[in-house]
């Protein structure tokens, strides 16, 4: 069976080891398997390879399951757990001993394992990504199938499970290529039908080395906790080593499923580009309906420890609509808008020096305070008319008023539109912050209370 002759019998699996969070590389492997299954109307199976009892944890298992669900990678079967299948591995290991292709091996401390006997032949992997890869089996030492504690080795458990679960295509990272000749030898010894193999390229950091912590976030959990939209991360991961065949970069899940093919998976390593990810996530934020962003944003604000008990969904929706072209993830939204929710704000010293300590700024802010405090309607239209009239009367450019106001009420030199910001802050908070700035302008170094 190959990709030119596929049927509904396609069965693939994702088989993570629960020794840590779901890594970006693992998530990309899961996604490619999921897309391949969905494209071919096949089955996507989840198997937890938890035979490393010292390092496997329930917390890591749950984190993997949560990450898969967050990404939308639903599985059709499983999760299966290798630790619950020990009798089956023992059965097959003893079968190989009886057939003469494996043997008992007792070490100096009296511990007995079962070891596989490699043949002196040539093993060829007909890889769907890399083409034919040849190995000299004579260079591969006999290897352990079943350890003395009754737990299987990775290569043995993998073969038994893939055959027992009728996996037709093994799609995994190309760091597993070196394991494949051992697995093919086991398939042949056990009389199992070989699956098709597709080894996908590794993901490298921006400096060309293997992706690691020094390149930034590397687990799905970290991206979720930073407030990235899952569909944006999925889109980004899909294009790490695969192309839809054109220059299209923003693809819906439906388009990915329709276009996915192993033929378009690159042989060379993919490079993780944080700038590209942020751009893509920004595009998703811009194109997601405000009501959906508001629902996610509400949960994220609450998780960030911001009290929004007395804030209406209408107000929050207005805030997110005002900022939705400015943030790429919800952590950025929180950072950019925190000044709306606190009783004291942090003043950026550079912005303070540049916009609040200049000659004549205090007098300008006093005039602003007097003008806006007497407004009947403290809304965007009223504020804009008032402040633009004021700049005309003073004979100065609008930025001479807008930037001091912005720093005075937000603590920073960049924000959404000044009129909309003042309206959302409300009359009382805006006036108090203007008043405190006028009184304490020369002494502002950090938080100034209201």
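Numbering (my numbering), first residue to last: 26 to 475.
The beta-carbon is built from N, C-alpha and C at its ideal position, and this holds for glycine as well.
Just so you know, these numbers come straight off a predicted model, no measurement behind them.
Remark: fewer than three beta-carbon pairs, one from each stretch, lie closer than 8 Å, so the segment 166-175 and the segment 44-51 are not flagged as touching. Taken in chain order, the whole beta strand (DSSP E) runs of length 3 or more contained in the segment 131-189 are 137-141, 147-152, 156-161 and 168-171.
Excluding five sequence positions before and after residue 246, the CB atoms of its chain that fall closer than 8 Å to its own CB belong to 46, 47, 88, 91 and 92, given in chain order.
Excluding sequence positions up to five before and after residue 140, its CB lies within less than 7 Å of the CB of 127, 128, 130, 167, 168, 169 and 170, all in the same chain and listed in chain order. Contact between residue 426 and residue 415 is confirmed by a C-beta separation of about 7 Å, below the 8 Å threshold. Annotation: the continuous alpha helix (DSSP H) that includes residue 259 extends over 255-263. A distance below 8 Å between beta-carbons, with the five flanking residues on each side excluded, links residue 365 to the following residues of its chain, in chain order: 344, 449 and 450. Per DSSP, residue 348 lies in no beta strand (DSSP E); the unbroken alpha helix (DSSP H) holding it starts and ends at 338-348. Annotation: the continuous beta strand (DSSP E) that includes residue 70 extends over 68-73. Distances from the alpha-carbon of residue 154 to those of 276, 223, 309 and 431 put 223 closest. Where residue 117 is concerned, the enclosing alpha helix (DSSP H) starts and stops at 111-123. DSSP places residue 333 outside both helix and strand once states are collapsed to three, so it counts as coil. Contact between the segment 261-275 and the segment 71-78 is absent: fewer than 3 CB-CB pairs across the two stretches fall below 8 Å.
DSSP places residue 48 in no beta strand (DSSP E); its state is neither H nor E. Going by C-alpha positions, residue 176 is about 42 Å away from residue 280. For the pair residue 132 and residue 138, the Cα-to-Cα distance works out to about 8 Å. Residue state for residue 107 is assigned as helix, using DSSP reduced to three classes. Taking C-beta atoms as the reference points, residue 195 and residue 63 fail to come closer than 9 Å. For residue 232, the closest of 353, 298, 193 and 118 by C-alpha to C-alpha distance is 298. Between residue 322 and residue 341, the C-beta gap is smaller than 9 Å, which places the two residues in contact. Bounds of any beta strand (DSSP E) do not take in residue 35, whose DSSP letter is neither H nor E.
Residue environment: residue 310 is assigned as buried (16 or more neighbouring CB atoms within 10 Å of its CB, all protein chains considered). Nearest C-alpha to residue 81 among 42, 117 and 261: 42. Between the beta-carbon of residue 282 and that of residue 60 there is about 6 Å, and that keeps the pair under the 8 Å contact cut.
The three-state secondary structure of residue 231, taken from DSSP, is coil. Between residue 373 and residue 432, the C-beta spacing is below 9 Å.
Around the CB of residue 422, fewer than 16 other CB atoms lie within 10 Å, so the residue is classed as exposed. By a beta-carbon distance limit of 8 Å, residue 229 does not contact residue 157. Their separation comes to about 25 Å.
Under DSSP, the beta-bridge partners assigned to residue 224 are 197.
Shown here, residue 248 sits in a helix according to DSSP, grouped into three states. In the three-state DSSP reduction, residue 274 falls in the coil class, being neither helix nor strand. For residue 95, the enclosing alpha helix (DSSP H) begins and ends at 83-96. In this model, residue 202 and residue 276 are separated by some 30 Å (Cα to Cα).
Residue 280 sits in a helix when the DSSP states are folded into three classes. With respect to the C-alpha of residue 105, the residue from 160, 121 and 187 having the closest C-alpha is 187. Contact annotation: residue 256 and residue 278 have beta-carbon atoms nearer than 9 Å.
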